[in-house]
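Residue numbers (the UniProt record's numbering): 1 to 114.
For glycine and all other residues, C-beta sits at the position ideal for the given N, C-alpha and C.
Here it is in structure tokens:
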């Protein structure tokens with residue numbers, strides 16, 4: 001269809017590829033909102049669940065750690081579990097983005113808007 005138009009055919013391919021990339025990035029954003037990661041501390045006594053976008057969605061605390069004399073320890077374990085979940089969310093997001101850029105044939109170090 002665009003054979004005789006020279007560079008315009010290439011431009012149409014580029015536009016189509018850009019639209020495809022935008023669709024895939026949008027799909028990935030949606031998917032990161034539903035993927036979950038679990039961060040732990042205290043050998044699993046405190047577990048924080050988050051989406052791959054880093055939104056905290058749950059916190060599970062083993063009742064055995066509730067000792068009024070160890071309030072600060074419990075607080076530290078909770079913070080550590082949340083930080084672990086956030087770090088795992090960041091790693092998951094980067095892994096998924098890397099997979100997408102590789103699939104699209106883009107350079108690995110390309111900074112996409114996430």
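Discussion item. So, does the stretch 79-97 touch the stretch 33-52, judging by three or more C-beta pairs under 8 Å?
Written reply: Under the Cβ criterion (8 Å, minimum of three pairs), the stretch 79-97 counts as touching the stretch 33-52.
Discussion item. Could you compute how far the alpha carbon of residue 96 sits from the alpha carbon of residue 28?
Written reply: Straight across, the Cα-Cα distance linking residue 96 with residue 28 is about 8 Å.
Worksheet item: How would you call residue 73, buried or exposed, if buried means at least 16 neighbouring beta carbons within 10 angstroms?
Response: Residue 73 should be labelled exposed.
Practice prompt. Return the chain-ordered list of same chain residues with a C-beta closer than 7 Å to the C-beta of residue 11, the five sequence neighbours on each side being excluded.
Written response: Excluding the 5 residues flanking it on each side, residue 11 has no same chain C-beta neighbour closer than 7 Å.
Worksheet item: Is it true that the CB of residue 100 sits closer than 7 Å to the CB of residue 41?
Response: The Cβ atoms of residue 41 and residue 100 lie no closer than 7 Å to each other.
Worksheet item: For the beta strand (DSSP E) that contains residue 37, what are its first and last residues?
Response: Unbroken beta strand (DSSP E) run through residue 37: 36-41.
Practice prompt. Tell me whether residue 77 sits in a helix, a strand or coil according to DSSP, three-state version.
Written response: DSSP places residue 77 within a helical segment (H, G or I) once states are collapsed to three.
Worksheet item: How many Å lie between residue 62 and residue 83 at the Cα?
Response: Answer to the nearest angstrom: the Cα atoms are 18 Å apart.
Worksheet entry | Anticipated Cβ contact below 8 Å, residue 93 with residue 52, distance rounded | Yes, they are in contact, since the Cβ atoms of residue 93 and residue 52 sit about 5 Å apart, within 8 Å.
Practice prompt. Return the CA-CA distance between residue 196 and residue 69, expressed in angstroms with no decimal places.
Written response: Residue 196 lies beyond the residue range present for the chain, which begins at 1 and ends at 114; the question has no answer from this structure.
Worksheet item: Pick from 50, 65 and 23: whose alpha carbon is nearest that of residue 58?
Response: For residue 58, the nearest C-alpha among the options comes from 50.
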